[in-house]
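Novice: Protein sequences appear in the order of chains A and B.
If you're matching positions, the first sequence starts at 1 in the working numbering and goes up one per residue.
If you're matching positions, the second sequence starts at 339 in the working numbering and goes up one per residue.
Here it is, the structure, as structure tokens.
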Amino acid sequence: MTAVPCGVRAPALALSVAALAVAVGALSLLVGPAPLSPGEVAAAVLGDADPIVSDIVWQIRAPRAALALLIGAMLGLSGAALQGLLRNPLADPAVIGTSSSASLGAVIALYFGVAAAAPLALPLMAVAGALVGLLALLPLARRGEGPSTLILAGVAMSALAGAGVSLALNLAPNPFAVSEIAFWLLGSLSDRSVRHVLLAAPLIAAGAALILLQARALDGLALGEDAARSLGFDLDRVGTAIAAGVAIGVGAAVAVAGSIGFVGLVAPYLARPFTDQRPSQCLLPSASTGALLLGLADVAVRLVPTASELRLGVVTALIGAPVFIVLLLRPRAEEPSR
Amino acid sequence: MSGLSIRGLCVDLGGTPVLRGVDLEAGPGALVGLLGPNGAGKSTFLRAICRLAPARSGTVAWNGRPLARMSVRERATSFAYLPQGQTLHWPLSVRRLVEIGRLPRLGPLGRVGAADRAAVEAAMAAVDVAHLAERAATSLSGGERARALLARALAVEAAVLLADEPTASLDPCHAVEIMQALRRIARTGRLVLAITHDLGLAQRFCDRVVLLDQGRIVADGPPDEALTSERLRTVYRVDPAMLSGWAPAGAAG
């Protein structure tokens, strides 16, 4: 049947999902190992609770909630932007190896101890790793329009970055270094502080701005590169700007939370059917959906009673990988159906 | 100097010369058919006109202004390009698809204004897809889709329309529809350059045909003068009697 893709207006959709995400973030303040009642948490939020409760809420739970929303939004936005750029619903920072190359950058910083010496080294190395990975991937991905080219290029990039990480683990001087790197790679938001928020937020804002400025070019690309170029878009500049935006945002996300995959795949997948299908209109709704998803996932890892807390990256991969398989099985928009 | 003026256009692709010094003058209000065997350089010619393929030498000017000196925006709003066999990557509605043609004209905030909406409606009406406006463009039949893609190019409201095989893979009825639409568009004062392999359609609908062979123009003029049996035999290397649709000048009707 012919779908009628009239779509909800993107700002309205993005705002209502964002409101849900913020609500989840607020609810997540109630969750944690310290048994605080909703009344105590509310009092702490309003600023008249005893200092310990106030510290738990403001120094431990609030940063975690804020990071979940920020990072989820960035990952959702990155996925939507990469999908528009590469004209492929399978694109996602994890699938195409950006998260792995950001992790490699971060692991190098951890391994050589620069992360401990200079607090900015870890995020900068993660951004640099993501940027190198993306700039190496784009020419590969643009060689062919089919999904397989992109996936193969992503596999190659992930393998390369993975080999680097393995090398670091292999040569790690002691078991503590190994477990530090390994745990950090699984991705988590536990024990993050206001400092992490202040580190990630500006970078995520900058990355998001770079991406959003290219929104119109993504619509032009819906008809392929020649049509977009004939409409006056400089595709090298568009590709570089989006790669830089994704690298800065995802690099910052990886730096504070480790590797959290598939949010960029699942968020646009969920948001797009409610839009009019224009890539530009999918950006903000995907960002709010990503925030909502990661907010929910981070509450879930704290509520599920396991011996050691579930790692956020493990949960998103468990949810995301099946969606990835579904997308692989589904016919693409332009597959001859007549 | 009004219209399109092309001088000594040479284009190399991967080190091989594809266009070897092409000159062409064409005024507004004409449907010009671009013909020639595969590999003659037709697509490269269209792409070089709107600077999608880099020229090694030569100039392209519109109304006396070289394209090299136009701003990107001026170029994108003066020349609309309809690539061959376009893929639509997202299931946009026909209206959203046609709206893509307005991208070079939108203001800094990207708001679609009243003029843009009017242009989109006019473009859809011109090729008879207005009734399909809310359908997903990916679900259309081949003929409908070809018209919707043409409407996208029309929505640019450019003075020049460059169409690369707009009738490819269409049945005769839909191919005729497209050629009729292109002729109507030309009659509104635009210059339409369309590549086609259908000699019969070119003969019937084009005001002028340009025959390319091995990167050079070998014939240029009204269809009946340019497409002689002798030329077709040398260029296409086939007995013209075997060519469907084409009839020697004077034999038609």
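All C-beta atoms, glycine included, are put in the ideal place defined by N, C-alpha and C.
A quick note: this is a predicted structure, and the numbers were derived from the prediction, not measured.
1. Strictly by DSSP, which residues pair up with residue 559 (chain B)?
2. So, are the CB atoms of residue 172 (chain A) and residue 111 (chain A) less than 8 Å apart?
3. Suppose the cutoff is 6 Å on Cβ atoms and the five residues either side in sequence are ignored; what does the same chain contact list for residue 154 (chain A) look like?
4. For residue 139 (chain A) and chain B, any beta-carbon pair shorter than 8 Å?
5. In chain order, what residues of the same chain have a beta carbon less than 7 Å from the beta carbon of residue 496 (chain B), not counting five sequence neighbours either side?
6. At a Cβ threshold of 8 Å, is residue 226 (chain A) touching chain B?
7. Taking the beta strand (DSSP E) that residue 348 (chain B) falls in, what are its first and last residues?
8. Run through chain A and tell me which residues come within less than 8 Å of residue 410 (chain B), C-beta to C-beta.
9. Look up residue 419 (chain B) in the DSSP assignment and give the residues it is bridged to.
10. Taking only beta-carbon positions, decide if residue 591 (chain B) is within less than 8 Å of chain A.
11. Can you check DSSP and say which residues form a bridge with residue 354 (chain B)?
12. Taking 8 Å as the threshold (C-beta atoms), are residue 340 (chain B) and residue 367 (chain B) in contact?
13. Whose CA, out of B:528, B:563, B:505, B:524, lies closest to the CA of residue 536 (chain B)?
14. For residue 59 (chain A), is the classification buried or exposed, using 16 other Cβ atoms within 10 angstroms of its Cβ as the cut-off for buried?
15. Return the CA-CA distance between residue 22 (chain A) and residue 34 (chain A), expressed in angstroms with no decimal places.
16. Taking residue 58 (chain A) as part of the alpha helix (DSSP H), name the residues at either end of that continuous run.
17. If we cut at 8 Å on Cβ distances, does residue 448 (chain B) have a partner in chain A?
18. Closer than 9 Å between beta carbons: that is the criterion. Which residues of the region 190–219 of chain A meet it against chain B?
19. Below 9 Å on C-beta distance, what does residue 59 (chain A) contact in chain B?
20. Under three-state DSSP, which class holds residue 532 (chain B)?
21. Which residues of chain B have a Cβ atom closer than 7 Å to the Cβ of residue 222 (chain A), listed in chain order?
22. Pick out whichever of B:542, B:549, B:538, B:559 has its Cα sitting closest to the Cα of residue 579 (chain B).
23. Among residues of its own chain, excluding the 5 on either side of residue 467 (chain B), which ones have a beta-carbon nearer than 7 Å to its beta-carbon?
24. Of the residues A:24, A:93, A:55, A:89, which one's Cα is nearest the Cα of residue 317 (chain A)?
25. Can you tell which of A:104, A:282, A:231 has the C-alpha that lies nearest to the C-alpha of residue 17 (chain A)?
26. Using the C-alpha atoms, what's the distance from residue 413 (chain B) back to residue 526 (chain B)?
27. Pull up the DSSP beta-bridge partners for residue 400 (chain B), would you.
28. Would you report the Cα separation of residue 78 (chain A) and residue 354 (chain B), rounded to the nearest angstrom?
29. Check the Cβ-Cβ distances between residue 442 (chain B) and every residue of chain A, and say whether any is below 8 Å.
30. Tell me whether the beta-carbon of residue 323 (chain A) lies closer than 8 Å to the beta-carbon of residue 82 (chain A).
31. Sort A:285, A:221, A:169 by Cα distance to residue 72 (chain A) and report the nearest one.
32. So, residue 342 (chain B) versus residue 548 (chain B), is the Cβ gap smaller than 8 Å?
33. What does a CB cutoff of less than 7 Å around residue 196 (chain A) pick up in its chain, not counting 5 residues either side in sequence?
34. Short check: CB of residue 398 (chain B) to CB of residue 438 (chain B), under 8 Å?
35. Just the chain A side, please: which residues come within less than 8 Å of residue 434 (chain B) by C-beta, in chain order?
36. To test your reading of the DSSP string, which unbroken alpha helix (DSSP H) runs of 4 or more residues are found completely within the region 138–185 of chain A?
Specialist: Walking through what the data contain:
1. Indexing the second sequence from 1 puts residue 559 (chain B) at position 221. In the DSSP output, where bridge partners are listed per residue, residue 559 (chain B) has B:547.
2. Taking the first sequence and counting its residues from 1, one reaches residue 172 (chain A) at position 172. Taking the first sequence and counting its residues from 1, one reaches residue 111 (chain A) at position 111. The Cβ atoms of residue 172 (chain A) and residue 111 (chain A) sit closer than 8 Å to each other.
3. To locate residue 154 (chain A), count along the first sequence from 1; it is residue 154. Answer for residue 154 (chain A): 95, 96, 97, listed in chain order.
4. The residue given as residue 139 (chain A) occupies position 139 in the first sequence. Residue 139 (chain A) does not count as touching chain B.
5. Within the second sequence, residue 496 (chain B) is the residue found at index 158, counting from 1. So the list reads 415, 416, 417, 418, once near-sequence residues are dropped.
6. Translated into positions along the first sequence, residue 226 (chain A) becomes position 226. Yes, its Cβ sits closer than 8 Å to a Cβ of chain B.
7. As a position in the second sequence, residue 348 (chain B) is number 10, starting the count at 1. Counting along the chain, residue 348 (chain B) sits inside the beta strand (DSSP E) bounded by residues 342–351.
8. In the second sequence, the residue the question calls residue 410 (chain B) occupies position 72. In chain order: 232, 234.
9. If you number the second sequence from 1, residue 419 (chain B) lands on position 81. Paired residue(s): B:500.
10. As a first step, residue 591 (chain B) is located in the second sequence; it is residue number 253 there, counting from the start. Residue placement at residue 591 (chain B) cannot be trusted, given a pLDDT of 41 that sits under 50; what the coordinates show is reported in the next sentence. Residue contact check for residue 591 (chain B) against chain A: no CB pair falls below 8 Å.
11. Translated into the one-based positions of the second sequence, residue 354 (chain B) becomes position 16. Per DSSP, the beta bridge partners of residue 354 (chain B) are B:351.
12. As a position in the second sequence, residue 367 (chain B) is number 29, starting the count at 1. As a position in the second sequence, residue 340 (chain B) is number 2, starting the count at 1. In this structure, residue 340 (chain B) does not lie closer than 8 Å to residue 367 (chain B) by Cβ.
13. Here residue 536 (chain B) is taken as the residue at index 198 of the second sequence, counted from 1. The residue with the shortest Cα to Cα distance from residue 536 (chain B) is B:505.
14. As a working note, residue 59 (chain A) is residue 59 in the first sequence. So residue 59 (chain A) counts as exposed.
15. Taking the first residue of the first sequence as 1, we reach residue 22 (chain A) at position 22. Taking the first residue of the first sequence as 1, we reach residue 34 (chain A) at position 34. One C-alpha to the other measures close to 22 Å.
16. Translated into positions along the first sequence, residue 58 (chain A) becomes position 58. Where residue 58 (chain A) is concerned, there is no enclosing alpha helix (DSSP H), given that its DSSP letter is neither H nor E.
17. Here residue 448 (chain B) corresponds to residue number 110 of the second sequence, with the count starting at 1. Yes, residue 448 (chain B) counts as interfacial toward chain A.
18. 215, 216, 217, 219
19. As a first step, residue 59 (chain A) must be located in the first sequence, where it is residue number 59. Think of a sphere of 9 Å around the beta carbon of residue 59 (chain A): no beta carbon from chain B falls inside it, the nearest being about 40 Å out.
20. As a first step, residue 532 (chain B) must be located in the second sequence, where it is residue number 194. Strand, per DSSP.
21. Taking the first sequence and counting its residues from 1, one reaches residue 222 (chain A) at position 222. The contacting residues are 426, 427, 428, 430, 438.
22. Locating residue 579 (chain B) in the second sequence gives position 241, where the first residue counts as 1. Nearest option by C-alpha distance: B:538.
23. Along the second sequence, one-based indexing puts residue 467 (chain B) at 129. Result list for residue 467 (chain B): 432, 482, 485, 486, 489, in chain order.
24. Counting from one through the first sequence, the residue named residue 317 (chain A) turns up at place 317. Checked all of A:24, A:93, A:55, A:89; the closest Cα to residue 317 (chain A) is A:93.
25. As a working note, residue 17 (chain A) is residue 17 in the first sequence. When only C-alpha atoms are compared, the closest one is A:282.
26. The count along the second sequence starts at 1 and reaches residue 526 (chain B) at position 188. The count along the second sequence starts at 1 and reaches residue 413 (chain B) at position 75. The alpha-carbon atoms of residue 526 (chain B) and residue 413 (chain B) are separated by roughly 20 Å.
27. The sequence position of residue 400 (chain B) within the second sequence is 62, counting from 1. Residue 400 (chain B) is bridged to B:342, B:403.
28. Against the first sequence, residue 78 (chain A) aligns to sequence position 78. Against the second sequence, residue 354 (chain B) aligns to sequence position 16. The alpha-carbon atoms of residue 78 (chain A) and residue 354 (chain B) are separated by roughly 40 Å.
29. To locate residue 442 (chain B), count along the second sequence from 1; it is residue 104. Output row for residue 442 (chain B): interface = yes.
30. Locating residue 323 (chain A) in the first sequence gives position 323, counting from the first residue. Locating residue 82 (chain A) in the first sequence gives position 82, counting from the first residue. Taking 8 Å as the Cβ cut-off, residue 323 (chain A) and residue 82 (chain A) do not qualify as a contacting pair.
31. The count along the first sequence starts at 1 and reaches residue 72 (chain A) at position 72. That would be A:285, whose Cα lies nearest to the Cα of residue 72 (chain A).
32. On the second sequence, residue 342 (chain B) is found 4 positions in, with the first residue counted as 1. On the second sequence, residue 548 (chain B) is found 210 positions in, with the first residue counted as 1. No, the pair does not count as a contact, with Cβ atoms beyond the cut-off.
33. Here residue 196 (chain A) is taken as the residue at index 196 of the first sequence, counted from 1. Taken in chain order, the residues that qualify are 63, 67, 256.
34. Position 60 of the second sequence, counted from the first residue, corresponds to residue 398 (chain B). Position 100 of the second sequence, counted from the first residue, corresponds to residue 438 (chain B). The answer is no: Cβ separation not under 8 Å.
35. Translated into positions along the second sequence, residue 434 (chain B) becomes position 96. Within 8 Å Cβ-Cβ: 5, 276, 277, 278.
36. Complete alpha helix (DSSP H) runs here, min 4: 147–170.
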